[in-house]
DNA sequence: AAAATACTGGTAATCCTACCAAAATGTTTG
DNA sequence: CAAACATTTTGGTAGGATTACCAGTATTTT
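Protein chains in written order, with this note's numbering: chain A, 35 to 214; chain B, 35 to 214.
This is how it looks when you write it as structure tokens:
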């Protein structure tokens, strides 16, 4: 595999497993099985590396969202997809790491906005497959509830939080359904 | 002022202003006006320091929420409070840093759960003052939407995101009002 | 005054980023 | 094919930042 890709994959794995503070050259190099000096060859500065990781992570998240509506797989219900996403610790760590990185590296904001649009396009299709109209605000609403519940669930990390997430997401989807 | 408190306040300021990667001994020491070696006196390891900062931050956030419903101040409407909170970058950086820290330091989870309960008690009172019933699920719902919109707003950081947050939070509050 | 506590100044060890010269590998061109 | 060239990889290092110590001094408490 491409060394560059190996590096980005390893970085993404570290980000999903341990959060943004894992993203140092030595750790990524070890995880990717390449030399540290190799990292600066592909990404001359740590800034560039972080930006590349952020971009790669964004793309990975878009791809994952699209898999959920892959025609090959039986489409999960909108509610189930929302519950699963909010409960996915890896994904939520990616969100945390991404937002942290973007907040720090303001150069990335335009890219973040573009990729959020993509995420929401995927969400729109999911919503429409789930019988919703899929208006901008409906999708934004759903997005916020999933992210919010996901973050709060990661912070608490117990069964109570998981149950709450199921109830709240059901409320949200029902609300949007009635509103359509 | 107590040196320990000075240290924690300075750390909180750095966290709110620049995110979790600002939390190093030299920077905190400089911001607090104490020696670096002083930090290890009060907090022998950086772990203990981070945990103390997290705890202090949690307490500060609870306190801020309670100020919003201080009888001395004219109570802001529930919607205005939600919009202001989601738009408050400092607060959202605290949330990001906190959740990141707690996710890493699992010892802190019980504390995080306890403080989330406190936050929600404050939110419950706000909701009731805003004419809602204030049930557990209503509050949890509102909480999730505010956190989710806040995070997404921090990530995008433009007027479009701010407008969206206003619309979405209005939707959420209206929904809860109708449901009461 | 004695004991406990708080603070100072300095340092050793580690980690991290950025750089570089040279070797290995791959690609193009005469 | 072979030489010239470009790209990738290696191994090592300099310099800066950070954490964790420690011995000693100042300050407060008892």
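Cβ coordinates follow ideal geometry from the N, Cα and C atoms, glycine included.
So for residue 102 of chain B, helix, strand or coil by DSSP?
DSSP places residue 102 of chain B in coil when its eight states are reduced to three.
Residue range of the alpha helix (DSSP H) that includes residue 193 of chain B
193-213
Are residue 63 of chain B and residue 55 of chain B touching if we call contact CB-CB under 7 Å?
no
Tell me, please, whether the segment 160-179 of chain B touches the segment 81-88 of chain B by the rule of three or more beta-carbon pairs shorter than 8 Å.
no
Output needed in chain order: residues of the segment 171-182 of chain A with a Cβ under 8 Å from some Cβ in chain B.
Listed in sequence order: 171, 174, 175, 177, 178, 179, 180, 181 and 182.
Give the secondary structure of residue 77 of chain A by DSSP, where H, G and I count as helix, E and B as strand, and everything else as coil.
In this structure, residue 77 of chain A counts as coil in the three-state DSSP scheme.
Just how far apart, CA to CA, sit residue 61 of chain B and residue 126 of chain B?
21 Å
Go through its chain and collect everything with a Cβ distance to residue 143 of chain A's Cβ below 7 Å, but skip five positions before and after it.
136
What residues in the segment 137-151 of chain B have a beta carbon less than 9 Å from any beta carbon of chain A?
137, 138, 140, 143, 146, 147 and 150
So, residue 41 of chain A versus residue 96 of chain A, is the Cβ gap smaller than 7 Å?
no
Suppose you measure from the CA of residue 190 of chain A to the CA of residue 200 of chain A; what does that come to, to the nearest Å?
15 Å
Relative to the C-alpha of residue 115 of chain A, which candidate in A:145, A:180, A:93 and A:139 has its C-alpha closest?
Taking only the C-alpha atoms, the option nearest residue 115 of chain A is A:180.
At the level of alpha carbons, what is the spacing between residue 88 of chain B and residue 167 of chain A?
Take the alpha-carbon of residue 88 of chain B and the one of residue 167 of chain A: they are about 42 Å apart.
For residue 118 of chain B, which of B:184, B:43 and B:211 has the nearest alpha-carbon?
B:184
By how many angstroms is the C-alpha of residue 121 of chain B removed from the C-alpha of residue 196 of chain B?
7 Å
Leaving out the 5 sequence neighbours to the left and right, which residues in its chain are closer than 8 Å to residue 74 of chain A when beta-carbon positions are compared?
59
Is residue 53 of chain B closer than 7 Å to residue 138 of chain A when the C-beta atoms are compared?
yes
Residues from the segment 186-200 of chain A in contact with chain B, defined by Cβ distance under 9 Å:
Taking 9 Å as the Cβ-Cβ cut-off, the segment 186-200 of chain A approaches chain B at 186, 188, 189, 190, 191, 192, 194, 195, 198 and 199, given in chain order.
Taking the C-alpha atoms as reference points, what is the distance between residue 76 of chain B and residue 38 of chain B?
7 Å
For residue 71 of chain B, does the three-state DSSP call read helix, strand or coil?
helix
Close beta carbons around residue 140 of chain A, own chain, < 7 Å, minus the five adjacent residues each side:
Setting aside the 5 residues that flank it on each side, residue 140 of chain A has no residue in the same chain whose C-beta is closer than 7 Å to its C-beta.
Give me the Cα-Cα distance between residue 100 of chain B and residue 156 of chain A, rounded to the nearest whole angstrom.
39 Å
Beta-carbon gap between residue 49 of chain A and residue 165 of chain A smaller than 7 Å:
no
So that I know if they touch, is there some Cβ in chain B lying closer than 7 Å to that of residue 48 of chain A?
no
What are the uninterrupted segments assigned as alpha helix (DSSP H) that are 4 or more residues long and contained completely in the segment 108-143 of chain A, given in chain order?
112-121 and 123-138
Can you pull the chain A residues whose beta carbon is under 9 Å from the beta carbon of residue 134 of chain B, in chain order?
53, 54, 55, 127, 130, 131 and 134
Once the 5 residues before and after residue 211 of chain A are set aside, which same chain residues still bring their CB inside 6 Å of it?
Closer than 6 Å at Cβ, skipping near neighbours: no residue.
Would you verify that the beta carbon of residue 95 of chain A is, or is not, closer than 7 Å to some beta carbon of chain B?
no
Using a beta-carbon distance below 7 Å, is residue 35 of chain A in contact with chain B?
Closer than 7 Å: no.
Residues in its own chain within less than 6 Å of residue 133 of chain B by CB, not counting five upstream and five downstream?
Here the set comprises nothing.
Can you tell me which of the three DSSP states residue 171 of chain B falls into?
Residue 171 of chain B: helix per DSSP, three-state reduction.
Using a Cβ cut-off of 7 Å (strictly closer), state whether residue 209 of chain B contacts chain A.
yes
Would you say the beta carbon of residue 129 of chain B is closer than 6 Å to some non-hydrogen atom of the ligand HEM?
The ligand HEM is absent from the structure shown, which contains no ligand whatsoever.
Do residue 202 of chain B and residue 178 of chain A come within 7 Å of each other at the CB atom, strictly closer than that value?
yes
Can you tell me whether residue 182 of chain B is buried or exposed, with buried defined as 16 or more other CB within 10 angstroms of its CB?
buried
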